[in-house]
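Everything in the sequence shown is counted per our numbering, starting at -8 for the first residue and increasing by one.
Each residue gets a CB set at the ideal place from its N, CA and C atoms; glycine is no exception.
Everything numeric in this text was worked out from a predicted model, so none of it was measured.
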Amino acid sequence: MNKKIKLLAAVPVIGLFALTSCNQGSTTGGSKTINIWTGFGESMTTQLVNILNDYEADHEGWEVVHTGQGGYDNLLAAIVGSVSTRTYPQLAVAYPDHMAQYQESGILFDLTSTIEEQDMDLDKFYSNYLQENLEIVPEHVMGLPFNKSTEVLTTNRTFIDVLVKMTANKTGADKITTVPTTWQEMETFGLATLKVLKETGAFNKVIGADGVVYENAVAAGEAGQDVAIDLTNVGENDFRVCSYDSQANFFITMVRQWGGTYTTVETLPNGKTQGYMQYKSSETVEMLKFFNRLFREGLIGIPSTFGESSYTSTPFKAYKTIFTIGSSAGVSNCVQDGIEVEINPLPYNADKPDCKYVISQGTNLVMFKNVDAENRAQTFDLLKTLTYDPEVNATFAKNTGYIPVTTDAYESTVYQDYLTDESLTGTSKTMRDAVKLNFDVYQGGEGWTQYVDPGFVGSSSIRSNVSGIMAACEGASEEEAASDDYWYDLLDTYYQLNPNNIPA
């Protein structure tokens, strides 16, 4: 489709929507009520509700009701569960795989003609954010980007500086000078780190700002040194050099970095899409062998390694890991007094420098087919305001740590002032540094590709299932890991969990 079609810009919006066929149904609240459901946490909900309150104030007679569903999985379940009763909302945030399920259920509103009637320029959206909205129904716009993030390497810069001092007199691979940029460098860095920490007996002790190990804080103080790294409660078995929050992202991203393919989608003759798993490959096997070695060397961990359920920010703040890979929107959870937090790019595979992949994640805003023409018109106006209005989207991004979804929002005064604000410190600076890295590095001509997995019926289940593969990789013995058959059998086991998506 043409991304910008100039027509009928002056025609009343309600008249345009009246031409659109849809299911008729009741809505929660009055006839002038717009319901929006999200899976946001408390802080994001607060920022969204502030915007919704402002919208209400500017549109007299309309009420916007936000309902949090306690997480994105719960949001999906709530909407799917309300299809038969048609009690789903008019608006909701959604991942591409969720959008595919809504389309399969026949409730997703096609925004294509309305966007054209409104003379919206889709080229203003960052293409890697918009693309996933164009793939649910080919050449149709089924949603618009709203809140986006990517993954970054959150770094304990204080720990790095201490390690530089501790290895200042060493040579070769034992000398630490900088933050690793590739996974191969991460292995070298990690082995050097473990070696010097063991040699100096640093575990269960403290390291002073001078790079010297002391029995405890009192001993450091008597030597006139502040404690830089407190390993009092960190034993050798508790420590990993690097950690990764999302096990699904870990697996999927590394498949891509090793030159493999995760999933593919084809359009069937009936117009529907069919998705297939493609990750059972030699590239994936080589990747799993590599990371199994890092697991066995004690260099890398996942949340369960530290007894955590979802994230490694808590181990990061406890000095149990130097690097944690997670969402750029979540870096505030890693900030702690005594730790200088630095944001760096995700490591990439040095053997495949053309495969510098990093995920583009976050949700889109979708509209459902369950209201009358007047309500539809106002609902689309709210959707457009949240996604397309530069100041609104920039303000939401600035206050939540997410990334603006349009070039206009990025270039707005409110966002440019934020990016150049030298007065920011602590959490605010760390959040700002994470989004700056996205624009300066990932989108700054350094060869990175921000990927999005195509959404199709079953893709949510596939993603959920593959999240277990890296835990299996961690648990494989050296003998098992040496056999290609072991890994192919493991991957085949995961294929069988989604039999409808196994390629022929």
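Whose C-alpha, out of the options, is nearest the C-alpha of residue i?
{"i": "K186", "options": "T169, V203, D165 and N195", "result": "D165"}
{"i": "V170", "options": "N340, F314, L415 and D444", "result": "F314"}
{"i": "R148", "options": "T168, S273, T223 and T24", "result": "T168"}
{"i": "E274", "options": "E470, Y253, I293 and L259", "result": "Y253"}
{"i": "G163", "options": "F180, T296 and N207", "result": "F180"}
{"i": "S73", "options": "M35, F359 and K139", "result": "F359"}
{"i": "S34", "options": "T416, D424, Q94 and Y393", "result": "Y393"}
{"i": "Y339", "options": "Y310, W249 and V426", "result": "W249"}
{"i": "N491", "options": "G449, L373 and H131", "result": "G449"}
{"i": "G466", "options": "L222, V432, V332 and F282", "result": "F282"}
{"i": "Q109", "options": "A368, F100, A193 and F307", "result": "A368"}
{"i": "F100", "options": "T421, L374, D412 and W439", "result": "L374"}
{"i": "K308", "options": "K343, A364, I98 and N224", "result": "N224"}
{"i": "E54", "options": "E227, T370 and G226", "result": "T370"}
{"i": "V332", "options": "K311, K420, T303 and G353", "result": "K420"}
Quick one: Cα of residue i to Cα of residue j, how far?
{"i": "F230", "j": "M111", "result": "51 Å"}
{"i": "N324", "j": "G52", "result": "39 Å"}
{"i": "S96", "j": "T24", "result": "24 Å"}
{"i": "Y235", "j": "L482", "result": "21 Å"}
{"i": "Y406", "j": "A385", "result": "6 Å"}
{"i": "W403", "j": "F297", "result": "It is Ser, not Trp, that sits at residue 403 in the sequence shown. Looking at the two C-alpha atoms, the distance is approximately 42 Å."}
{"i": "L121", "j": "L135", "result": "7 Å"}
{"i": "E123", "j": "Q327", "result": "36 Å"}
{"i": "I(-4)", "j": "E107", "result": "Only weak support is given to the placement of I(-4): the predicted model assigns it a pLDDT of 27, under 50, and the question is left unresolved by the model."}
{"i": "D476", "j": "E178", "result": "25 Å"}
{"i": "N195", "j": "F150", "result": "15 Å"}
{"i": "E206", "j": "E299", "result": "28 Å"}
{"i": "D49", "j": "F31", "result": "24 Å"}
{"i": "G251", "j": "Y86", "result": "23 Å"}
{"i": "D408", "j": "Q434", "result": "20 Å"}
{"i": "T484", "j": "A473", "result": "18 Å"}
{"i": "N44", "j": "Q38", "result": "10 Å"}
{"i": "E470", "j": "L285", "result": "15 Å"}
{"i": "V155", "j": "K161", "result": "10 Å"}
{"i": "E413", "j": "T105", "result": "42 Å"}
{"i": "K139", "j": "N119", "result": "10 Å"}
{"i": "G321", "j": "N65", "result": "20 Å"}
{"i": "A214", "j": "G61", "result": "50 Å"}
{"i": "E365", "j": "G436", "result": "45 Å"}
Pull up the CB-CB distance for residue i and residue j, whole angstroms please, since I reckon it's below 8 Å.
{"i": "I70", "j": "Y79", "result": "5 Å"}
{"i": "N361", "j": "Q81", "result": "7 Å"}
{"i": "R287", "j": "Y442", "result": "Going by Cβ atoms, the distance from R287 to Y442 rounds to 29 Å, so no, they are not a contact pair."}
{"i": "T29", "j": "A83", "result": "7 Å"}
{"i": "G258", "j": "P129", "result": "A quick correction: the sequence has Thr, not Gly, at residue 258. That pair is a contact at about 6 Å."}
{"i": "A388", "j": "P395", "result": "5 Å"}
{"i": "T191", "j": "V204", "result": "5 Å"}
{"i": "M133", "j": "L113", "result": "Their Cβ separation, rounded to whole angstroms, is 13 Å, which puts M133 and L113 out of contact at 8 Å."}
{"i": "Y498", "j": "V357", "result": "Shown here, the chain extends from -8 to 495; a query on residue 498 therefore has no answer."}
Skipping 5 residues on each side, what residues in its chain have a beta carbon closer than 7 Å to that of residue i?
{"i": "Y486", "result": "M268, K271 and I493"}
{"i": "V383", "result": "I42, T376 and L377"}
{"i": "A462", "result": "Q238, I293 and S295"}
{"i": "N489", "result": "M268, G449, S452, I453 and N456"}
{"i": "G417", "result": "V326"}
Bridge partners for residue i per DSSP, in chain order?
{"i": "I27", "result": "H57 and L82"}
{"i": "K139", "result": "G353 and I394"}
{"i": "N335", "result": "L144"}
{"i": "C233", "result": "I291 and F314"}
{"i": "E257", "result": "Q265"}
{"i": "L99", "result": "F359"}
{"i": "D221", "result": "V197"}
{"i": "Q441", "result": "V349"}
{"i": "F116", "result": "T397"}
{"i": "Y205", "result": "V197"}
Identify, in the order they occur along the chain, each residue of the same chain with its Cβ nearer than 6 Å to the Cβ of residue i, setting aside the five sequence neighbours on each side.
{"i": "F447", "result": "A91, V256, T264 and G266"}
{"i": "S12", "result": "Note that S12 has pLDDT 31, beneath the 50 cutoff, so the model's placement of it is unreliable and no number is given."}
{"i": "V501", "result": "The chain is shown from -8 up to 495; residue 501 falls before or after that span and cannot be answered."}
{"i": "E126", "result": "P445"}
{"i": "T398", "result": "K115"}
{"i": "V153", "result": "I198, G202, A219 and I220"}
{"i": "W478", "result": "V276 and L279"}
{"i": "T58", "result": "W28"}
{"i": "V513", "result": "With the chain running from -8 to 495 in the structure shown, residue 513 is simply not present."}
Please work out which residues of its chain come closer than 8 Å, Cβ to Cβ, to residue i, disregarding the five sequence neighbours upstream and downstream, and give them in chain order.
{"i": "S458", "result": "S237, Q238, A239 and F242"}
{"i": "A341", "result": "T173, W174, Q175 and E176"}
{"i": "L337", "result": "E142, V143, L144, T244, I316 and V349"}
{"i": "L428", "result": "V143, S319, I334, N335 and P336"}
{"i": "R454", "result": "D88, A239, I243 and D444"}
{"i": "G16", "result": "The predicted position of G16 is uncertain, since its pLDDT is 33 and thus under 50; a value taken from the coordinates is nonetheless stated next. R77, N361 and V362."}
{"i": "I460", "result": "Q238, F242, L279, L481, L482 and Y485"}
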